[in-house]
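Novice:
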Amino acid sequence: MRAVAMVAAIALGALPGIARAVGTAGSAAVAAGGYRGAASIPGVPDPRRAWADWALDCQGCHRVDGGGSARTAPRIAGEVAKYLQVAGGREYLGRIPGIASSPLSDARLAELVNWMLFRFDRRDLPAHFRPYTAAEIGRLRARPLRLQAAAVRRALQRRIRRRARSGAR
Ligand code: HEC
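Listed below in structure tokens is the structure:
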């Protein structure tokens, strides 16, 4: 199963190393295979770069489609923007270890997080959503969650469930 996914990823030019190696043709493949949706996304100057960053830094754990797996990382597809609907969720997304400890610069990471929210869970984005800026991501990642991550996540998940039960939108 994993091997099949890998072959598919290579066929789509999904492995950034390969995409880079083949230059322009690779970028076109990345655009076609990796990014679907609006041509312009707020807070995302270059969606193809954001997608390549995702492929390199995140999808190993979260999977190409954001589906996650029980052993590696939670599902973010159809879920991740719900954090923006509850108190503390916006901060959480900048402080979780996988994001805070990424080797990307603050600007690239802000772009990636904004892109991720649109790519995987546009439906749940609050109407008043303001894209993350490099400065905000810089502030948040400077205080990474460590051992507390799981407890913070559980508390936020409770808030999200309560909100869903109350029928809020
Ligand atoms: C080594 C595996 C791994 C990598 C790499 C990784 N993550 Fe994660 N991610 C996790 C795990 C595990 C969690 C659950 C919270 C925790 O324990 O850190 C998580 C949580 C998240 C969450 C919150 C979802 C939730 O429901 O808690 C988001 C959003 C996220 N990661 C995005 C990213 C992005 C973006 C990247 C790349 C910059 C990334 N992750 C890289 C494993 C990973």
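Going by our numbering, the final residue of the sequence shown carries number 163, and the count climbs one at a time with no gaps.
We treat Cβ as the ideally placed atom computed from N, Cα and C, and that holds for glycine.
(1) Could you give the DSSP three-state label for Ala143: helix, strand or coil?
(2) Is it the case that the CB of Glu73 approaches a heavy atom of the ligand NAD more closely than 8 Å?
(3) So Asp115 packs on Val74, CB below 8 Å; how close in whole Å?
(4) Should Asp100 go down as buried or exposed, given a rule of 16 or more other Cβ atoms within 10 Å for buried?
(5) What residue from Leu87, Leu50, Ala44 has the CA that sits closest to Ala144's CA?
(6) Would you check whether the ligand HEC has a heavy atom nearer than 8 Å to the C-beta of Val38?
(7) Under 9 Å, do Cys55 and Leu106 count as touching if we go by C-beta distance?
(8) In chain order, which alpha helix (DSSP H) runs of at least 4 residues are fully inside the stretch 78 to 149?
(9) Let me confirm a value: Ala129 is counted as buried when at least 16 other C-beta atoms fall within 10 Å, else exposed. Which label applies?
(10) So is Arg96 buried or exposed if we call it buried at 16+ other beta carbons inside 10 Å?
(11) Could you check whether the Cβ of Gly92 sits closer than 8 Å to any heavy atom belonging to the ligand HEC?
(12) Following a CB-centred definition, is Ser96 positioned closer than 8 Å to any heavy atom of the ligand HEC?
(13) Using the beta-carbon count (16 or more within 10 Å), is Gly82 buried or exposed?
(14) Answer with buried or exposed for Arg155, where buried requires no fewer than 16 other C-beta atoms within 10 angstroms of its C-beta.
(15) Under the three-state reduction of DSSP, which class applies to Ala162: helix, strand or coil?
Specialist: Concretely, from the data shown:
(1) The count along the sequence shown starts at 1 and reaches residue 143 at position 149. Three-state DSSP puts Ala143 in a helix.
(2) In the structure on display, the ligand NAD does not appear, and the ligands it does have are the ligand HEC.
(3) As a first step, residue 115 is located in the sequence shown; it is residue number 121 there, counting from the start. As a first step, residue 74 is located in the sequence shown; it is residue number 80 there, counting from the start. About 5 Å; that satisfies the 8 Å criterion.
(4) Locating residue 100 in the sequence shown gives position 106, where the first residue counts as 1. Per the 10 Å Cβ criterion, buried.
(5) Stepping through the sequence shown from its first residue, residue 144 is reached at position 150. Of the candidates Leu87, Leu50, Ala44, the one whose C-alpha sits nearest the C-alpha of Ala144 is Leu87.
(6) Residue 38 sits at position 44 when you count from the first residue of the sequence shown. No, the Cβ of Val38 stays beyond 8 Å of every heavy atom of the ligand HEC.
(7) Sequence index remark: in the sequence shown, residue 55 carries index 61 (1-based). Sequence index remark: in the sequence shown, residue 106 carries index 112 (1-based). Not in contact: Cys55 and Leu106 (Cβ atoms no closer than 9 Å).
(8) 83 to 89, 91 to 94, 100 to 115, 128 to 135
(9) Sequence index remark: in the sequence shown, residue 129 carries index 135 (1-based). Flag for Ala129 reads exposed.
(10) Here residue 96 refers to the residue found at position 102 of the sequence shown. Looking at the sequence shown, residue 96 is not Arg but Ser. With 16 or more other Cβ atoms within 10 Å, it is buried.
(11) As a working note, residue 92 is residue 98 in the sequence shown. Because some heavy atom of the ligand HEC lies under 8 Å away, the Cβ of Gly92 counts as near it: yes.
(12) Residue numbering aside, residue 96 sits at position 102 when the sequence shown is read from its first letter. Under cutoff, so the answer is yes.
(13) In the sequence shown, counting from the first residue as 1, residue 82 sits at position 88. Exposed, since its Cβ has fewer than 16 Cβ neighbours within 10 Å.
(14) Numbered from its first residue, the sequence shown carries residue 155 at position 161. Classification of Arg155: exposed, given that the 10 Å Cβ count is below 16.
(15) In the sequence shown, counting from the first residue as 1, residue 162 sits at position 168. Ala162: coil per DSSP, three-state reduction.
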